Amino acid sequence: MTSSETHYFVLLRAALWTQPVHFAEPVDWKAVMRIASHQGNAALLSDVATRMTGSNSPDATTLAKMRDSMRANLVHQMNLKSILVSVVQKLRQHNIEPVLLKGFGLAMLYPNPNLRQFGDTDLFVGLANFHEACALVRGMPGCYNWGEEVDVGRHYNVEFGPYPMEIHRVSAEVMDRQEKLAYADIERDGLFENTRKVDLEGFELSVPSMEFVVFFTFSHAWHHFLTTGVGLRQLSDVAMALHAYHGQLDLDKLQRWLASMHLMLPWQTFGCLMVEHLGLPDDQMPFYEASCHRRAQKLFARIMEEGNFKRDNNFRRNKPKGRFWHKAHTFLCIFVDFFRLVKIFPRHAFRELQTSFRYGLGKYFHRHD
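When you read off a place in the sequence shown, starting at 1, and then add 257, the result is the number in our numbering.
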């Protein structure tokens with residue numbers, strides 16, 4: 258690990274666990290913040306760095322950039338929050354109660370919710386309410402949509418200016434038939450039968466069960482690891498959920514869910530990484546397995562290389578023009594994914610390859626395009 262990476266992780270752990278930081282040696286702040294930006298948590302680190310004192314704290318120019326970054330993140334959050342409240346109120350007027358996925362629900366688990374970086378907002382409405390919900394949101398002032406929702410996958414995309422929102426009919430798209438049945442039970446438990454109410458600055462929102470938040474946040478990170486690359490921002494989300502819900506989780510249920518989706522080994526490997534590098538106490542990491550250390554180190558190297566959604570910059574983003582060549586490129590992605598995954602999770606690599614061919618390349622194309 259380079260000195261800049263070491264400084265980065267000291268700052269990240271300080272942000273997650275509200276610890277003071279003092280560096281005895283000089284810090285290459287440009288390199289540290291480049292890593293933070295790559296991993297999707299620049300605002301978290303900026304907050305810690307702006308409160309440092311001593312000769313190795315950031316210079317005035319760097320501090321100004323950090324404050325600008327934090328300010329921009331806060332403005333983005335405020336606008337997303339305003340849109341979220343308006344959409345939820347609109348749906349409730351028509352007796353549709355959406356469930357918030359990720360986003361603000363996870364941000365509230367951080368020491369300072371305003372520092373978690375956001376992309377979009379995800380609302381789950383289910384199959385029964387999906388078309389009506391899409392029509393209602395599509396008709397709101399300032400909403401831009403990408404067409405009808407008839408042929409979409411698991412969600413429908415809309416935008417309010419530069420602020421995207423996803424309306425979900427299912428929370429995840431699963432190809433394997435056995436896993437699809439298992440996931441339907443998980444979704445019913447966490448998103449229908451055991452939802453909770455949380456307060457977002459005076460506005461009440463529905464969120465999934467604690468077990469579903471932990472499971473879904475991890476499985477979503479795993480999906481991005483398989484496809485577009487996962488960053489430490491997403492793993493920090495998992496760590497914060499485990500920390501916030503420590504002692505309250507139904508561990509038998511969580512273990513059953515992970516096993517039914519063939520995710521126990523990835524869970525334990527990512528967990529080893531979160532304990533070793535993010536500072537999550539091992540007694541707060543369910544099913545912690547220290548023997549996954551070597552596998553976790555390989556995973557760590559991949560995450561530091563790829564960053565938050567950054568893998569698209571390599572093979573995937575260079576898609577050729579033309580329908581045939583585009584589909585041929587997507588077909589090759591199956592094998593690119595396989596060879597990248599097999600070095601860390603060989604059984605899962607073969608399972609993903611088998612699933613892609615068994616259940617139709619058309620579905621795979623839809624999932625990855």
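Virtual Cβ for every residue (Gly too), placed ideally from N, Cα, C.
No experiment lies behind these values; they were computed from the predicted model shown.
Contacts around residue i, its chain only, beta-carbon distance under 6 angstroms, and the 5 residues preceding and following it disregarded
| i | result |
| --- | --- |
| residue 443 | 514 |
| residue 532 | 539, 542 |
| residue 496 | 531, 535, 537 |
| residue 313 | 280, 283, 284 |
| residue 416 | 401 |
| residue 479 | 523 |
| residue 481 | 487 |
| residue 270 | 536 |
| residue 620 | Low per-residue confidence applies at residue 620: pLDDT is 46, beneath 50, and the placement is therefore not dependable enough to give any value. |
| residue 566 | 485, 486 |
| residue 446 | none |
| residue 546 | 525 |
| residue 298 | 490 |
| residue 462 | 357, 455 |
DSSP state of residue i mapped onto helix, strand, coil
| i | result |
| --- | --- |
| residue 460 | strand |
| residue 543 | coil |
| residue 591 | helix |
| residue 603 | helix |
| residue 490 | helix |
| residue 426 | coil |
| residue 566 | coil |
| residue 412 | strand |
| residue 296 | helix |
| residue 630 | The chain is shown only over 258 to 626; residue 630 falls outside these bounds and no answer can be derived. |
| residue 453 | strand |
| residue 336 | helix |
| residue 417 | strand |
| residue 330 | helix |
| residue 265 | helix |
| residue 401 | strand |
| residue 259 | coil |
| residue 351 | coil |
| residue 504 | coil |
| residue 469 | helix |
| residue 536 | coil |
| residue 624 | No answer about residue 624 holds up, because its pLDDT of 43 lies below 50 and its placement is not dependable. |
| residue 281 | coil |
| residue 311 | coil |
| residue 638 | Missing from the structure shown is residue 638; the chain here goes from 258 to 626 and no further. |
| residue 509 | helix |
| residue 520 | coil |
Own chain partners of residue i with C-beta closer than 7 angstroms, once the 5 adjacent residues on each side are dropped
| i | result |
| --- | --- |
| residue 460 | 342 |
| residue 337 | 375, 378, 420 |
| residue 259 | none |
| residue 360 | 375, 378, 379 |
| residue 438 | none |
| residue 612 | 432, 433 |
| residue 610 | 591, 595 |
| residue 373 | 363, 364, 367 |
| residue 627 | Only positions 258 to 626 of the chain appear in the structure, and residue 627 is not among them; the question remains open. |
Contact set for residue i: own chain, Cβ-Cβ below 8 angstroms, skip 5 residues either direction
| i | result |
| --- | --- |
| residue 549 | 522, 525, 526, 528, 529 |
| residue 476 | 429, 518, 520 |
| residue 471 | 495, 498, 499, 502, 506, 511 |
| residue 474 | 359, 363, 491, 494, 495, 498 |
| residue 311 | 279, 280 |
| residue 353 | 382, 386, 389, 390, 393 |
| residue 264 | 280, 284, 285, 289 |
Closer than 8 angstroms to chain D by CB, residue i
| i | result |
| --- | --- |
| residue 401 | In the structure shown, chain D cannot be found, because there is only a single protein chain. |
Option in the options with minimal Cα separation from residue i
| i | options | result |
| --- | --- | --- |
| residue 448 | 434, 608, 429, 316 | 429 |
| residue 389 | 371, 369, 372, 413 | 413 |
| residue 562 | 277, 487, 270, 331 | 487 |
| residue 301 | 331, 610, 544, 475 | 331 |
| residue 615 | 597, 435, 557, 598 | 435 |
| residue 499 | 467, 489, 480 | 467 |
| residue 455 | 364, 432, 344 | 364 |
| residue 294 | 611, 469, 489 | 489 |
| residue 427 | 371, 559, 335, 355 | 355 |
| residue 333 | 560, 593, 418, 599 | 418 |
| residue 564 | 296, 262, 291, 290 | 296 |
| residue 451 | 457, 464, 458, 261 | 464 |
Check: residue i C-beta below 7 angstroms from any heavy atom of the ligand PLP
| i | result |
| --- | --- |
| residue 338 | In the structure shown, the ligand PLP is absent, as is every other ligand, since no ligand is present at all. |
May I have a chain-ordered list of the alpha helix (DSSP H) segments no shorter than 4 residues that lie completely inside the region 357 to 395?
-> 361 to 364, 383 to 395
Could you tell me whether the region 422 to 430 touches the region 376 to 390, where touching means 3 or more Cβ pairs closer than 8 angstroms?
-> yes
Should the region 310 to 327 be regarded as contacting the region 335 to 353, the criterion being three or more beta carbon pairs within less than 8 angstroms?
-> no
At least three beta-carbon pairs within less than 8 angstroms, the region 301 to 320 to the region 380 to 398 = no
With contact counted as at least three CB pairs below 8 angstroms, one residue from each stretch, are the region 313 to 323 and the region 280 to 299 in contact?
-> yes
Counting pairs of beta carbons, one from the region 497 to 505 and one from the region 476 to 485, are three or more of them closer than 8 angstroms?
-> no
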